[in-house]
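Chains A and B are the protein sequences, given in the same order.
For the first sequence, the working numbering assigns the number 1 to the initial residue and increments by one for each residue that follows.
For the second sequence, the working numbering assigns the number 235 to the initial residue and increments by one for each residue that follows.
In what follows, a structure is listed as structure tokens, so that the remarks can point back to it.
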Amino acid sequence: MITLNNIYKYYDSKFQRTFVLKDIDLTVKEGDFVTVMGPSGAGKSTLLNIIGMLDEPSEGEYLFLDQPASSLKENKKVEYHRNYMGFIFQAFHLIDEMTVYENIETALVYKGVKSKERKGMVADMLDRFNMVAKKDLFPAQLSGGQQQLVGIARAIVGKPRLLLADEPTGNLHSDQGREIMKILQQLNEEGITIIQVTHNEEFAKAGKRIIRLADGLKESDDNLAEEVESLKEE
Amino acid sequence: MIRKIKNLYQLAGKNKATLATNVLGLSIGLATTILLVAFILFEWSYDRHFSNAGRIYRLHTIWKDGDSETVHPINLRQAFTEIPQNVPGIETAVQIYRGWSTEIIYDNVRYAHNTLLYVDTTFFSVFDFRMSEGSSEYALNDPGSVVLTRSLANKMFGDNPAVGQILEIENKSYTVSAVTDDVPENTHFSFDLLLPMNALHFMHQLGGLEFFTYYLFDPYADSQTVGDAICETNNETLTERFSMFHGSEFLSEIEPLTRLHLFSNASYDLGPRGSIKTVVLVGAIALLVMFLALTNFVNLFVIEGEQRAKEIGIRKVNGAGKKDIIIQFFTETTFIVSVSFAAGLVLATLLLPQFADLMRRSFPEDIFLSPALVGALAGIFILTVVFSGSYPAFYLSRLKPAAIIKQQDAKMGRRKVVMNLTGGIQLIITLVLLTYLFGINNQIQYMKNLPPGFNPEGLVNIYNLNDNMKRQYPEIRDQLLNIPEVAGVAASGHTIGGGCSGQGIRLAENQADNILAINEYRVQPGLCRLMELELKEGRFFDPDLATDRQSVILNEAAERMLGLTSATGRRVVMFQDPLEVIGVVKDFHYSSAANTIQPLVFTAYSGNINNIVVRIESHADYATSMKKIGETLRSFDEGYIITTSNTGDIYRSFYAGEERLGKIIRVGAIVAVVIVMMGIFMLVSQSILRRTKEIGIRKVLGGSTTKMLAILYSGTIKWIAIASVIAIPVSYYFLDRWLQDYAVKAPLNWWLFVQGVFIVIVLQTIVTIWQTLRVARRNPVESLRYE
């Protein structure tokens, strides 16, 4: 699904070039659940942003669904965002002036889904996350965990094939975090490919694969498939 | 739909104070602009309602006398009786003779103060009026016919038909032949009734410049050729008629009807005239106010937009394309601008009566519906939406969502410069308007405070006297003098401070062809003394000396013009008659102090009395005095309706034009100040908002509130200083140019230029301190907790 070949990301200042990512090679198959780990400033978020087409690599080749995607036209990117990708953020990034319902609906509006269908799809999401009663509340009226549920609902309501999560549990306490991770695992089982960034070793193990970055370089790439199995049994 | 509007409101109004300021500022600016534009369009519409407007031209006579040149809008009778026959390309012509204010008697009831015009039978062929009763075709053919306006007819006859009724006007009977609709306000003349020119037998014998002359050109005639031919013929007639004025030259000019109101350089006219200068100034103020309101609106909208960068980022990540974001911003902008426009229109409608009063115009009720105004408004609407929507829409929609979500103030630097720049320009405009306003008021006060050279206060002119009263003047005078409140009585043919006659004068010993132009006031002996004019030498007219009827009194300017140092005892010639100069009065103002004092002669040869002049005792109650005077006059004419004017008022009215100008600028200046202060208020609060964290940290580190204030304040003061440096020379330039038209100039003191700056600094200080204290007083923890 995703192939990165020799990806570099750097910023040029007057006298020197600051590297954020150096020579990253990565292949993610459909149905994978990848966790990206590493210390602050290692380039995790940048990598995620490049994969999510929110940022562009300085050098290297990026294939998304076997199509070159390193320098796409704006319209094409919007196309991918609408139909293939969902995003979850550490700070939730809900629109404060909109209700839970409206926040979830936003993605569908831009996707061009008809009003009637939207209603059904949003209702399904609310149902799934047990938030029917909260649909008319504003984000500020919800707890952090609930806000992140709305964030996930919004990200997946459009049935994306790839879910990108940038520290989805960073602003939550551990119980809420675990719940979010369970949901991500469920989604993964349903077939959505997930790439998440996290600091938390425990939550990292929720994925099938851990990639460790340090100073922009890929340090390791471990397959955890067996461990995931064991975690589920608990 | 309702949910959509609610949503728009929630999103656009993230910051309620900003939204309110936005809408309020824009609607105030709009209301002002709408009114000013309405005024401009109204001035522009003058006389264009006549269906032949484009083909009607007026003939002017230019009297050149040495360096001075007077453009008279009036001509000889020949301009009507001869020119149309001799010049090809003229369809028809009409002359108007001004009948002034007249009294009508119907059914033994008197109706005073009606504006009367004597016109030729062709009047309605040139100026098409809708007839309310009767037909315009033969309405003026019978010398005994009269045409009334609808309002006058209603006043006299109520709902009964007017045609066929018989009226008495100046001792003659006239039959109403037709009733026209009222003269539209935007016409350069007005009347309540029309009489045919041949109603008065002497009209055709008037041999001087008396008649306003209009030509209707053939549709296919070349106006340039016809105009030139008319002027040429008229020049010949004039030169022949006024051959005795050897020092003078006579020329003609033809002016299109549609230019009369704003562009005419005639020295007087049939009605109050507009001026293109005022229109340009009003236009400039409208533009400036709109600029201020627009820049404010756009600036605030941009700041708002910037604060919403995060929201835009989220939307983009959720699949919003550039187009979606652009549409979103433009929808929101259109919504807010529409609300502001609605508010502006309501405000303009509410203020229309006051504004009409200020501009001395009565606007038609449907003025806001005029296509030009609607067009202008649509233009402003689109401009506002485009400008205020473009930045957020195009700039923010292009930002990379990752960048927006991560770092909020990506490109503050460049935009801050633009905003400071527009803020600076706003300040400059405000300062220039304020300074200009102070300069004009200064000049008006200066001219008003100039001693006029006599005592105008307490002088009352009494008009509307019938022939019988005029004959009985000596008895009336004696009766009036019996009233304790009356200090003195005199009579005159002219009103002091009103118009004069233009005459020719020469020293008796000079050649007959060396005639100089001079203004003449025809008075009765006793008036100069009553006025309390100051004598330079000689004496006033003596009512008891019959020979004084053959004497004149000059002013100093006339004495200088004749090349004399002492004129008393010298003989001058006017109207071919030798007259003796018995005195010279010191120069006094008999028109606006804006003009230099022109040579003037008082004559007493004519027995004609137009008005009786009464001086009221300074301590007397005005109303009581007038009541007693009215009673005395009614003992000479039972139905007399007292009509007066106060010389003091006449002198004050000289500056009405300047005062109106001052008022217009004041409106502009106040609106500018309000809008700019609103803008500053929002800018300060936004910059405080952005620096809340900084303020919190500084306070935690021990910074005092005063220091916070100093930091925020010094930024704004710097801009006032820069704006002042530019605004003061600019306003000096404009004021200096404006003062060029004035014979006396008030000195442009330095404090005139400091006042405006001072006002702006004070207001800005209040705004800044108020806003800063609100934040700085807060507990530092509160502002830090945001993060």
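Quick reminder that beta carbons are idealized off the backbone N, C-alpha and C, glycines included.
Note that the structure is a prediction, hence the values are computed from the model and not measured.
Q. Counting only beta-carbon atoms, is A627 of chain B nearer than 8 Å to chain A?
A. No, A627 of chain B lies away from the interface with chain A (no Cβ there is under 8 Å from its Cβ).
**Q.** Member of B:I960, B:I560 and B:Y824 whose CA lies at the smallest distance from the CA of I884 of chain B
**A.** In this structure, B:Y824 is the residue among B:I960, B:I560 and B:Y824 with its C-alpha nearest to the C-alpha of I884 of chain B.
Q | Alpha-carbon spacing of I1003 of chain B relative to L943 of chain B, whole angstroms | A | Roughly 7 Å between the two C-alpha positions.
(Q) 8 Å is my cut-off, CB to CB: does H81 of chain A come that close to chain B? (A) Cβ-Cβ to chain B under 8 Å: yes for H81 of chain A.
(Q) For P812 of chain B, report the span of its beta strand (DSSP E) as first-last. (A) That run of the beta strand (DSSP E) goes D811 to V819.
Q: In the DSSP assignment, find the unbroken beta strand (DSSP E) run with S879 of chain B in it and report its ends.
A: Per DSSP, S879 of chain B belongs to the beta strand (DSSP E) from T877 to N880.
Q. Can you find a C-beta in chain A that's less than 8 Å from the C-beta of S981 of chain B?
A. Rather than Ser, the amino acid found at residue 981 of chain B in this sequence is Pro. Answer no: the Cβ-Cβ gap between P981 of chain B and chain A never drops below 8 Å.
Q. If you draw a straight line from the alpha carbon of I330 of chain B to that of V988 of chain B, how long is it in whole angstroms?
A. For I330 of chain B and V988 of chain B, the distance between alpha carbons rounds to 52 Å.
Q: Measure the beta-carbon distance from L54 of chain A to V36 of chain A and round it to whole angstroms, keeping in mind my assumption that it falls under 8 Å.
A: At roughly 15 Å, the Cβ-Cβ gap does not stay under 8 Å, so L54 of chain A and V36 of chain A are not in contact.
Q: Within its chain, find whatever has a CB closer than 7 Å to the CB of I875 of chain B; leave out the 5 residues flanking it on each side and keep chain order.
A: Once the five neighbours on either side are set aside, the close Cβ partners of I875 of chain B are R344, A346 and N698.
Q. If we count the other Cβ atoms within 10 Å of its Cβ and call it buried at 16 or more, is M181 of chain A buried or exposed?
A. Answer is buried; the Cβ neighbour count reaches 16.
**Q.** Limits of the unbroken beta strand (DSSP E) element including T193 of chain A
**A.** Run containing T193 of chain A: T193 to V197, per the beta strand (DSSP E) assignment.
(Q) Is there a C-beta anywhere in chain A that falls below 8 Å from the one on I537 of chain B? (A) It does not: the Cβ of I537 of chain B has no partner Cβ on chain A nearer than 8 Å.
Q: Could you have a look at N309 of chain B and say whether DSSP puts it in helix, strand or coil?
A: Note: N309 of chain B maps to strand in three-state DSSP.
Q | Assigned exposure category for A165 of chain A - 16 Cβ within 10 Å defines buried | A | Buried, because 16 or more other Cβ atoms sit within 10 Å of the Cβ of A165 of chain A.
Q. Under 8 Å between the Cβ atoms of V20 of chain A and T46 of chain A?
A. Taking C-beta atoms as the reference points, V20 of chain A and T46 of chain A count as a pair closer than 8 Å.
Q.
Cβ closer than 7 Å: which chain A residues qualify as neighbours of I548 of chain B?
A. Chain-order list of chain A residues neighbouring I548 of chain B: H93 and I95, by C-beta distance under 7 Å.
Q. Taking only beta-carbon atoms, is R154 of chain A less than 8 Å away from chain B?
A. Closer than 8 Å to some Cβ of chain B, the Cβ of R154 of chain A qualifies, so yes.
**Q.** Within chain A, the residues that K556 of chain B reaches when beta carbons sit closer than 9 Å
**A.** Residues of chain A passing the Cβ test: E74, N75 and V78.
Q. Taking 8 Å as the CB-CB cut-off, is E545 of chain B touching chain A?
A. At a cut-off of 8 Å, the C-beta of E545 of chain B has a neighbouring C-beta in chain A.
Q.
If you reduce the DSSP assignment to three classes, tell me which class L264 of chain B lands in.
A. The answer is helix: DSSP assigns L264 of chain B an H, G or I state.
Q. Does the beta carbon of A251 of chain B sit closer than 8 Å to a beta carbon anywhere in chain A?
A. No, A251 of chain B lies away from the interface with chain A (no Cβ there is under 8 Å from its Cβ).
Q) Under the three-state reduction of DSSP, which class applies to N37 of chain A: helix, strand or coil? A) For the sequence presented, residue 37 of chain A should be read as Met rather than Asn. For M37 of chain A, the secondary structure class from DSSP, reduced to helix, strand or coil, is strand.
Q.
In the DSSP output, what is L834 of chain B paired with across the bridge?
A. According to DSSP, L834 of chain B bridges with B:N753.
Q) Could you give the residue range of the beta strand (DSSP E) that holds I846 of chain B? A) Looking at the DSSP string, the run of the beta strand (DSSP E) that includes I846 of chain B is N845 to I850.
Q: Would you verify that the beta carbon of T106 of chain A is, or is not, closer than 8 Å to some beta carbon of chain B?
A: Between T106 of chain A and chain B, the shortest Cβ-Cβ separation is below 8 Å.
Q.
Quick check on the burial criterion: 16 or more other C-beta atoms within 10 angstroms. Buried or exposed for K645 of chain B?
A. Note on K645 of chain B: pLDDT 48, under 50, position unreliable in the model; no value is reported.
Q) Would a C-beta distance cut-off of 8 Å place L351 of chain B and V380 of chain B closer than the cut-off? A) No, the Cβ-Cβ distance between L351 of chain B and V380 of chain B is not below 8 Å.
Q. Which value, in whole angstroms, describes the spacing of the CA atoms of I559 of chain B and I546 of chain B?
A. Straight through space, the alpha carbons of I546 of chain B and I559 of chain B are spaced by roughly 7 Å.
Q: Using only alpha-carbon positions, find the residue among B:L684, B:M390 and B:T383 that is nearest to A977 of chain B.
A: Per the Cα distances, B:L684.
(Q) Taking beta-carbon pairs under 8 Å, can you tell me which members of the segment 111–125 of chain A lie near chain B? (A) Result list: K111.
(Q) Counting C-beta neighbours from all protein chains within 10 Å, is the total for P686 of chain B 16 or more, i.e. buried, or is it exposed? (A) That one is buried.
Q) Which residues, in order along the segment 123–148 of chain A, keep a beta-carbon less than 8 Å from a beta-carbon of chain B? A) Of all residues in the segment 123–148 of chain A, none has a Cβ within less than 8 Å of some Cβ in chain B.
Q) Is the distance from the Cβ of A801 of chain B to the Cβ of V818 of chain B below 8 Å? A) For A801 of chain B and V818 of chain B, yes; Cβs fall inside 8 Å.
**Q.** Reduced DSSP secondary structure (H/G/I, E/B, other) of Q90 of chain A
**A.** In this structure, DSSP gives Q90 of chain A a state outside helix and strand, which the three-state scheme calls coil.
Q) Using a Cβ-Cβ distance under 8 Å, would V988 of chain B count as near chain A? A) Judged by the 8 Å Cβ criterion, V988 of chain B is not in contact with chain A.
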